[in-house]
Amino acid sequence: MANDVNHLIDMLYGMIDEAKGTAFGQGKCSINRDEALDLLDEIRAQMPVELKRAQELLRAREEYVESAKRDVERMMRQAELDAKTKVSESEVTAAARDKARAIVQRAEDRTREMYRVTNEYTEDALRRTEEAINMALEEIRQSRANFRAASAEKMQQQRQQLQERDKEQRDEENS
Numbered sequence: 136m137a138n139d140v141n142h143l144i145d146m147l148y149g150m151i152d153e154a155k156g157t158a159f160g161q162g163k164c165s166i167n168r169d170e171a172l173d174l175l176d177e178i179r180a181q182m183p184v185e186l187k188r189a190q191e192l193l194r195a196r197e198e199y200v201e202s203a204k205r206d207v208e209r210m211m212r213q214a215e216l217d218a219k220t221k222v223s224e225s226e227v228t229a230a231a232r233d234k235a236r237a238i239v240q241r242a243e244d245r246t247r248e249m250y251r252v253t254n255e256y257t258e259d260a261l262r263r264t265e266e267a268i269n270m271a272l273e274e275i276r277q278s279r280a281n282f283r284a285a286s287a288e289k290m291q292q293q294r295q296q297l298q299e300r301d302k303e304q305r306d307e308e309n310s
């Protein structure tokens, strides 16, 4: 998918990496605010997709477990019916129970593995997303601080020019 979160983060990273430096110091740059905000909006919009994928994996795991339990129950019922029709009921029942236990054990093992994989995937996706958002937020904060500093400096220059003009007018009036 062209708009997946990683691609959008790469685009934002590229935008920041290729941004032109500012005259206010090393390591600072100027980026197109609208483009950066658009990328962040797209990242935010894609987050539910990543979370939905993780939820789908969890649902699939739960469905698998339920299906395995139904299969075990069905096999247990069938084994019980078969055991009643055979002469050696205790041997058949024991074999069916052993087989059912083995099936349940395999289902539980598979469930634990699916749960572990799902948790790892979800944790990794959330971690990567959190890191990307934090990096983008830090860049926005830095850009905002740069803007404030530049604006304050410009305001100070204008105040000084006005004070110098006022002084010149007073000097002319006093002369």
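Under our numbering, the first residue of the sequence shown is numbered 136, with each subsequent residue one higher.
Ideal Cβ placement from N, Cα and C applies to all residues, glycine included.
Whole angstroms is fine: what's the gap from VAL239's alpha carbon to ALA229's? Counted from its first residue, the sequence shown places residue 239 at position 104. Counted from its first residue, the sequence shown places residue 229 at position 94. C-alpha separation (whole angstroms): 15 Å.
Alpha-carbon spacing of VAL184 relative to MET210, whole angstroms = Looking up residue 184 in the sequence shown gives position 49. Looking up residue 210 in the sequence shown gives position 75. So the two alpha carbons sit approximately 38 Å from each other.
What does the Cβ neighbour count give for SER310, buried or exposed, with the cut at 16 atoms within 10 Å?
Here residue 310 corresponds to residue number 175 of the sequence shown, with the count starting at 1. That one is exposed.
>> Comparing C-alpha positions only, which one of ASP306, ASP259, GLU226 sits nearest to ALA189?
In response: Residue 189 sits at position 54 when you count from the first residue of the sequence shown. Considering only alpha carbons, the answer is ASP259.
Exercise. For LYS155, does the three-state DSSP call read helix, strand or coil?
Worked result: Reading the sequence shown from its first residue, position 20 is the one you call residue 155. If DSSP states are grouped into helix, strand and coil, LYS155 belongs with the strands.
_Output needed for GLY156: all residues of its chain with C-beta closer than 6 Å, excluding positions within five of it in sequence on either side, in chain order._
Stepping through the sequence shown from its first residue, residue 156 is reached at position 21. The answer, listed in chain order, is CYS164.
*Contacting residues, own chain, Cβ-Cβ under 7 Å from LEU192 (five flanking each side not counted)*: Mapped onto the sequence shown, residue 192 falls at position 57. Cβ neighbours of LEU192 beyond the five flanking positions: THR253, TYR256.
Who are the Cβ neighbours of LEU175 in its own chain at under 6 Å, not counting the five residues just before and after it? Taking the first residue of the sequence shown as position 1, residue 175 is located at position 40. Once the five neighbours on either side are set aside, the close Cβ partners of LEU175 are ALA271.
Query raised in the report: Is the CB of LEU186 under 9 Å away from at least one CB in chain B?
Result: The structure shown has no chain B; it contains just one protein chain.
For this session: Could you tell me which residues DSSP puts in a beta bridge with SER165?
Result: Locating residue 165 in the sequence shown gives position 30, where the first residue counts as 1. Looking at the DSSP assignment, SER165 forms a beta bridge with LYS155.
TODO: Report the rounded CA-to-CA distance for LYS302 versus ASP152, giving the unit in angstroms.
DONE: The residue labelled residue 302 in the question sits at position 167 within the sequence shown. The residue labelled residue 152 in the question sits at position 17 within the sequence shown. Looking at the two C-alpha atoms, the distance is approximately 46 Å.
If we call anything under 9 Å between Cβ atoms a contact, is MET150 one with GLU170?
As a first step, residue 150 is located in the sequence shown; it is residue number 15 there, counting from the start. As a first step, residue 170 is located in the sequence shown; it is residue number 35 there, counting from the start. Yes, they are a contact pair.
Practice prompt. Could you give the DSSP three-state label for SER310: helix, strand or coil?
Written response: For this step, residue 310 is matched to residue 175 along the sequence shown. Shown here, SER310 sits in coil according to DSSP, grouped into three states, outside any helix or strand.
**Study point:** Whole-angstrom distance between LYS204 and ASP244, CA atom to CA atom
**Key:** Numbered from 1 along the sequence shown, position 109 holds the residue referred to as residue 244. Numbered from 1 along the sequence shown, position 69 holds the residue referred to as residue 204. Distance between the alpha carbons of ASP244 and LYS204: 13 Å.
Open item on the list: Using a Cβ-Cβ cutoff of less than 8 Å, which residues in the same chain neighbour ILE235 once the five nearest sequence positions on both sides are dropped?
Closed with: Within the sequence shown, residue 235 is the residue found at index 100, counting from 1. According to the sequence provided, residue 235 is Ala. The question's Ile does not apply to it. Within the same chain, ALA235 has close Cβ partners VAL207, MET210, MET211, ALA214.
* Taking Cβ to Cβ, would you say ARG263 is nearer than 9 Å to ILE144? -> Here residue 263 is taken as the residue at index 128 of the sequence shown, counted from 1. Here residue 144 is taken as the residue at index 9 of the sequence shown, counted from 1. Their beta carbons are under 9 Å apart, which means ARG263 touches ILE144 by this criterion.
- Is DSSP giving ASP233 helix, strand or coil here? Position 98 of the sequence shown, counted from the start, is the residue given in the question as residue 233. In the structure shown, ASP233 sits in a helix (DSSP, three-state: H, G or I).
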